[in-house]
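This report refers to the structure that appears directly beneath it.
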Amino acid sequence: MQGWSVLWVPGTDHAGIATQAVVERWLWQQRRQRPQDLGRAEFLREVWSWKERHGDEILEQLRALGASLDWSRERFTMDPVSATKCHLSVPKVSPRCHQGVVKVSPRCDQGVTKV
781 MQGWSVLWVP GTDHAGIATQ AVVERWLWQQ RRQRPQDLGR AEFLREVWSW KERHGDEILE
841 QLRALGASLD WSRERFTMDP VSATKCHLSV PKVSPRCHQG VVKVSPRCDQ GVTKV
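Taking my numbering, the leading residue of the sequence shown gets 781, the next gets one more, and so forth.
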């Protein structure tokens, strides 16, 4: 790191829209069900179940590569601490989100940041 002291905090993003698409595809392939067939609460349970089964794959790959991270500080964007901090900081660091930069995905009817 060119002589600088750094702290690499391991963590994963919830990847909401990507995760939703994967879970929707899985539900259709395995059960021939759509999220609307389940209802919001049951679909969210399926998403969290998927996260529990697959959410740590990237971190496991980093461990296997021998990455030198402070594993005691591991975070997930939807854990209570991180979610609160993100909720409070996003409007401060990304005011463009509140100026019409966010678009809606017609596929899943959720906000998508225009890049």
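Backbone N, C-alpha and C fix where the C-beta goes; we use that ideal spot for every residue, glycine too.
No residue range can be given for residue 790, since it is assigned to no alpha helix (DSSP H) and is classified by DSSP as neither H nor E.
The continuous alpha helix (DSSP H) containing residue 796 extends over residues 796 to 811. Under the three-state reduction of DSSP output, residue 825 falls in the helix class.
In the structure shown, residue 843 adopts helical secondary structure according to DSSP, grouped into three states. Going by DSSP, residue 849 is part of no alpha helix (DSSP H) at all; its letter is neither H nor E. Following the DSSP letters along the chain, one finds residue 817 inside the alpha helix (DSSP H) bounded by residues 815 to 818. Contact between the stretch 784 to 795 and the stretch 846 to 858 is present, with at least three C-beta pairs closer than 8 Å.
C-alpha of residue 842 to C-alpha of residue 850: approximately 12 Å in a straight line. By the C-beta density criterion, residue 800 is buried, having at least 16 other C-beta atoms within 10 angstroms.
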